[in-house]
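The block underneath contains the structure these notes are about, expressed in structure tokens.
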Amino acid sequence: MNGAERLLETLVDSGVELCFANPGTSELPLVSAIGNHEKMRAVLCLFEGVVSGAADGYARMSDKPAMTLLHLGSGFANSMANQHNAKRAHVPIINIVGDHATYHLQYDTPLKSDVSAHARLSSDWTQVSESAEDLAASGARAFQASMKGWGKIATLIAPANHAWEESTRSAPALTDSEPASISASSIADVAGALSNGKTTALFLGGHALREECLFAAGRISRASGARILCETFPARLQRGAGRVPVERLPYFAEQAIELLSDLEQLILVGASSPVSFFAYPGKKSLLTPDNCKVMTLAGVDQDMLFALEEVAMALGACEQAAITPLVAEQASPKGVLTPLAIAQSLGQLMPENAIVSDEAVTCGLAMFPATQNAPPHDWLTLTGGAIGQGLPLSLGAAIACPDRKVIALQADGSAMYTVQALWSMARENTDITVVIMNNRSYAILNIELARVGAGQPTAKTLSMFDLSGPDINWVEMAHSMGVPATRSSTAEEFHQQFSASMAKKGPRLIDALVVQRESVAMGG
Ligand SMILES: Cc1ncc(C[n+]2csc(CCOP(=O)(O)OP(=O)(O)O)c2C)c(N)n1
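Its first residue numbered 13, the sequence shown is counted upward by one per residue in the working numbering.
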């Protein structure tokens, strides 16, 4: 067997089942090894940003790493925006990136680059294998590195000769580490703060937004009166009827400052202290009031469930958490197709256990509140602000959870960054409904232009935010990649098309010609 085959054996033994791939010549022994291993599924993605975004979506929903296969420094560079988003989502990913054979690197060949330098920028762990014999052992270490805390980006660079030269053994799987625990004194401090009568909120992020953590937070809230807030861009928020409601921090700093204005204490659980997404001239970066005391109960890699349950116990919080009720049926929306009308259809028609990938950007504001009382579901967002994540994310989530309906709420400008995901959605016959929020604009940048105070816009300035002329034909685009598609320009049409899509399995795209009346936003 060669190094590539031993690596594959090791990754499969460690529990890796899936590879999102966009390979080249230097990865062909790895492609061949995947082709010959019956326990490794291969999903071809036609751009590297789809590879990394899909691996993120898969990890968010399965809590385990997919392997990616990427071609040299350039291939990795193409994947980087979504590697960045994945790193911010604290998910496990194992990138396997090929390089030229070690003896070939002395020559100035066209694709030669510093692969490690590319990888280090967005990986938590980067290694180059030392030999064919070492490739499998490096793979075991990559798996272990990816499972550190709640998940890390591990990148293993495999020179081509290490993949094709003979190797005598695969490596034993290395165990992953448990999330770091919390000290008794932190628990006691937080429990004390929650009992001192001051106005307090829990600020949750990362794994603290999973259902069980939220139930513990809900008990704490009931016993202490503390509010439950969550970060603006959660990786995976479990919400809807029967779950514990959270207040999501708004994107715009002035709204966030307002929401936090009465707080005397903020307790961080898996989240950093809230800061403004961007700086604006003359505006504060820190969003908490000046006199608000910020305490950390658990960092992103710590055991948040343990921490929250211990605090609940210390408070004697035995009453169940308050939960979100299911809403009664409402009349379906009519008339102009606004984001609110789409949100209302979504709230009414979303099935139980749906997974929502929210890259709706300015159309997203209406979506979140309108689905609060829908059946229980998971809400995934753009954790790192690098757009082009939504379609790949939904692809990976659908592959991780083939029995759940995935809904991709997708702004048109962002969709164009990684539109190739549609092809993989069709090829893998995933159950995804993509809703394109087609406003033919980078609408958020029009808003931000005024907020930054960057001067009077000229027609040329505004042309840089305008996606019309030519108008993108989303229905033809989807058809060309094998995804059935329809267009809706009224609330009634949308409701009917979305309802039909919820009733049927398989990929589908709805090109929603939205009219934005409500003032906006979630994104940037
Ligand atoms: C990788 C990356 N490139 C550029 C940007 C800057 N940016 C933020 S939002 C945006 C436009 C979003 O437009 P669209 O997705 O159509 O949403 P809309 O604002 O119209 O709701 C751009 C270009 C970014 N955040 N990430």
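Note that CB positions come from ideal geometry on N, CA and C, so glycine has one too.
Contact belief for residue i with residue j at Cβ below 8 Å, rounded distance in angstroms
| i | j | result |
| --- | --- | --- |
| T442 | L405 | Incorrect: roughly 12 Å between the Cβ atoms, too far for contact. |
| I411 | E371 | At roughly 18 Å, the Cβ-Cβ gap does not stay under 8 Å, so I411 and E371 are not in contact. |
| V55 | A66 | 7 Å |
| V127 | I169 | 5 Å |
| R234 | A329 | 6 Å |
| T300 | S285 | 6 Å |
| L147 | H130 | Going by Cβ atoms, the distance from L147 to H130 rounds to 20 Å, so no, they are not a contact pair. |
Residues of its chain near residue i, where Cβ-Cβ distance is below 6 Å and the 5 sequence neighbours each way are ignored
| i | result |
| --- | --- |
| V312 | H102, G218 and G282 |
| K279 | Lys is not the amino acid found at residue 279; the sequence shown has Ile there. Once the five neighbours on either side are set aside, the close Cβ partners of I279 are V202, L214, M307 and L309. |
| N451 | V526 and Q528 |
| A220 | V281, G282 and M316 |
| P387 | G252, A253 and E364 |
| E145 | S179 |
| P246 | L221 and T393 |
| M534 | Caution is warranted here: a pLDDT of 41 is assigned to M534, below 50, making its placement in the model unreliable, and no coordinate value can be reported. |
| R239 | A213 |
| M489 | none |
| S369 | L392, G402, L405, S406 and A420 |
| D274 | T211 |
| V339 | N385 |
| A149 | A183 |
| S135 | I165 and T167 |
| Q277 | A205, K210, T212 and K305 |
Same chain, Cβ closer than 7 Å to residue i, neighbours up to 5 away in sequence not counted
| i | result |
| --- | --- |
| E29 | K51, M52 and R53 |
| G163 | A71, H102, V103 and P104 |
| H112 | S38, T121, K124, P171 and A172 |
| S531 | Confidence in S531 is poor, its pLDDT being 49 and thus under 50, which makes the residue's placement unreliable; the coordinate value appears in the next sentence. Cβ neighbours of S531 beyond the five flanking positions: none. |
| C413 | M73 and I367 |
Top-ranked residue by Cα proximity to residue i, from the options
| i | options | result |
| --- | --- | --- |
| G87 | F32, A45, H116 and S74 | F32 |
| A16 | E177, G27, G65 and C57 | E177 |
| H83 | L317, G47, Y119 and S125 | S125 |
| A524 | L42, T502 and Q156 | T502 |
| L226 | A427, F245, D146 and E259 | E259 |
| N385 | L392, Q342, A89 and M79 | Q342 |
| P41 | L23, L19 and V24 | L19 |
| L216 | Q250, M79, D302 and A462 | Q250 |
| G204 | N173, D25, I194 and S236 | S236 |
| K417 | Q432, I444, G400 and V495 | I444 |
| R463 | S475, G294 and Q118 | G294 |
| H49 | G69, E21 and L261 | E21 |
| G494 | A433, T470, M476 and K472 | A433 |
| G425 | T470, I108 and M449 | M449 |
| T498 | Q509, A228 and K517 | Q509 |
| V447 | A129, H507, I522 and N485 | I522 |
| D504 | P519, P496, L474 and S344 | Reading off the sequence shown, one finds Glu at residue 504, where the question assumed Asp. When only C-alpha atoms are compared, the closest one is S344. |
| Q139 | G110, Y115 and Q118 | G110 |
| A192 | G161, R100 and S436 | G161 |
| F477 | H491, A455, N90 and S492 | A455 |
| S436 | A409, L457, A423 and A229 | A409 |
Beta-carbon proximity list for residue i, same chain, < 8 Å, skipping 5 on both sides
| i | result |
| --- | --- |
| S480 | R452 and S453 |
| L133 | M92 |
| E190 | D315 |
| E224 | L317 |
| T336 | R251, G252, A253, G254, R255, V256, P257, Q384 and N385 |
| A382 | L352, A355, Q356, L358 and G359 |
Those residues which DSSP pairs with residue i across a bridge
| i | result |
| --- | --- |
| K305 | Q277 |
| E224 | Answer by DSSP bridge pairing: none, since E224 is not bridged. |
| D390 | Q250 and I367 |
| G396 | None; G396 has no bridge partner. |
| D478 | S453 |
| C413 | Answer is none; C413 lacks a bridge partner. |
| V258 | Paired residue(s): none; V258 is not in a bridge. |
| F215 | L241 and L280 |
| H83 | G110 |
| W137 | A166 |
| F32 | V55 and T80 |
TODO: Would you check if the stretch 202-212 and the stretch 174-187 touch, i.e. whether three or more CB-CB distances between them fall below 8 Å?
DONE: no
Using 8 Å as the cut-off, can you tell me whether the stretch 355-364 makes contact with the stretch 506-513, which would need three or more C-beta pairs spanning the two stretches below that distance?
yes
**Q.** Meets three-Cβ-pair contact criterion under 8 Å: the stretch 342-350 and the stretch 320-330
**A.** no
* To do: Examine the Cβ distances between the stretch 58-76 and the stretch 93-102 and report whether three or more of them are shorter than 8 Å.
  => yes
Does the stretch 288-301 come within contact of the stretch 261-274, defined as at least 3 CB pairs closer than 8 Å?
yes
**OP:** Specify whether the stretch 102-119 and the stretch 152-159 touch according to this definition: at least 3 beta carbon pairs, one from each stretch, less than 8 Å apart.
**Re:** yes
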